[in-house]
Amino acid sequence: MAKKMKIKAKEKDGVVKVKVMFKSLMADKEEAEKKNIAVEYIAHVLGKVNGKIVYEATTSGFMSEDPLMKFSFTGAKKGDTLEFELTDNHGKKITGSKKIK
Amino acid sequence: MERRKFLNMGLVAVAATLVPATSLKAVNFRETKANAWEAEKSAEAIKAMFGDGKLNPTDKIKMTAPKLAENGGSIPIRLKSDLDIETIAFFQDANPRSSTVVFSVPEGQKVDYSFRIKMRQTAYVTVVAKTKDGKLHTLNKEIDVSIGGCGG
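Residue numbers (our numbering), protein chains in the order written: chain D, 444 to 544; chain E, 647 to 798.
In structure tokens, the structure reads:
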């Protein structure tokens, strides 16, 4: 259950640079067993601007805890809203959005 | 400083010439390629993910990763390429299962992804990218891990 995400998006010369951090333990089977916690990780990340996909990643529990991802994309301007949709290992969806600065 | 400036200018120029044409498609590789997520070794995972195609070693994809990682729980990796990549996947041999992350690159966008991974021990990491023309490109690197990363 990722609860929160932090998003930073900045546009410069047509390129939008994004830093995004998701809150998740990213515990896979083995790690969850060791720490005696529930298996919990983000399985799929989708980033959209104006309904167009700009970022897509299928992830596993071997990403670090609270995964921080950086990427850049083109085709958006200041004021557009960047939306993220996360799917965790239970299929639960979490969304978050931020205006591009 | 001069060189850095020049490189940056080049990057911006490349990015600016791209026509923004992102298609609306979502592929959850966990559903479509379920086998690949269970494979223990990189070779098997790559086979499950990309099929039997020939892997061509490439220097067109840049991977930035530490040679020696002090904290196996958080190893920063950066992938960068100007190739027309459709799918780019990251595998490692340090954990119980090999597949770590798969990016499907939206049309018209270039690969420039940073993320962090966990590794339990020193091992090889492999990047496999599928370009639009169906060719597979690969590169790998050994990362030394001094402390285990999976909370052990």
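Virtual Cβ for every residue (Gly too), placed ideally from N, Cα, C. Since the model is a prediction, treat every value here as computed from it, not as a measurement.
Beta-carbon proximity list for residue i, same chain, < 6 Å, skipping 5 on both sides
i: I603 (chain E); result: Because chain E is modelled from 647 through 798, residue 603 (chain E) falls outside the range shown and cannot be assessed.
i: F500 (chain D); result: The residue you asked about is not Phe; residue 500 (chain D) is Ala in the sequence shown. Excluding sequence neighbours, A500 (chain D) sits near V488.
i: T768 (chain E); result: D790, V791
i: I731 (chain E); result: V751, V757, A775, T777
Residue-level contact to chain E via CB, residue i, 8 Å cutoff
i: E526 (chain D); result: no
i: K544 (chain D); result: no
i: V497 (chain D); result: yes
i: S507 (chain D); result: yes
i: E454 (chain D); result: no
CB contact below 8 Å: residue i versus chain D
i: G612 (chain E); result: Residue 612 (chain E) lies beyond the residue range present for chain E, which begins at 647 and ends at 798; the question has no answer from this structure.
i: N681 (chain E); result: no
i: D758 (chain E); result: yes
i: V748 (chain E); result: yes
From the options, residue whose alpha carbon lies closest to that of residue i
i: D523 (chain D); options: D:K447, D:E454, D:M448, D:K449; result: D:E454
i: F736 (chain E); options: E:D779, E:L725, E:P742; result: E:L725
i: E788 (chain E); options: E:V771, E:V748, E:I731; result: E:V771
i: N493 (chain D); options: D:K462, D:H533, D:N532, D:A519; result: D:A519
i: M469 (chain D); options: D:Y498, D:A481, D:K460, D:V458; result: D:A481
i: K466 (chain D); options: D:I496, D:P510, D:V458; result: D:P510
i: T777 (chain E); options: E:F696, E:T710, E:Y759, E:A682; result: E:F696
i: K521 (chain D); options: D:K513, D:K542, D:T502; result: D:K542
i: A715 (chain E); options: E:R766, E:N786, E:K781; result: E:R766
i: F749 (chain E); options: D:Y484, D:V461, D:F514; result: D:F514
i: K462 (chain D); options: D:D471, D:D456, D:K451; result: D:K451
i: H533 (chain D); options: D:M448, D:K449, D:D471; result: D:D471
i: I707 (chain E); options: E:D728, E:V747, E:K700; result: E:D728
Same chain, Cβ closer than 7 Å to residue i, neighbours up to 5 away in sequence not counted
i: K687 (chain E); result: D739, S744
i: S507 (chain D); result: M469
i: A694 (chain E); result: K679, N681, A682, A685
Counterpart residues of residue i in DSSP-defined beta bridges
i: S750 (chain E); result: E:T733
i: F727 (chain E); result: Looking at the sequence provided, one finds Ser at residue 727 (chain E) rather than Phe. DSSP, once it has assigned bridges, lists E:I707, E:V757 as partnering S727 (chain E).
i: D506 (chain D); result: One detail in the question is off: residue 506 (chain D) reads as Met in this sequence, not Asp. M506 (chain D) pairs with E:I763.
i: N786 (chain E); result: E:T772
Other residues of its chain near residue i: CB distance less than 8 Å, five sequence neighbours each side excluded
i: R762 (chain E); result: S720, I721, P722, I723
i: N741 (chain E); result: K764, M765, R766, C796
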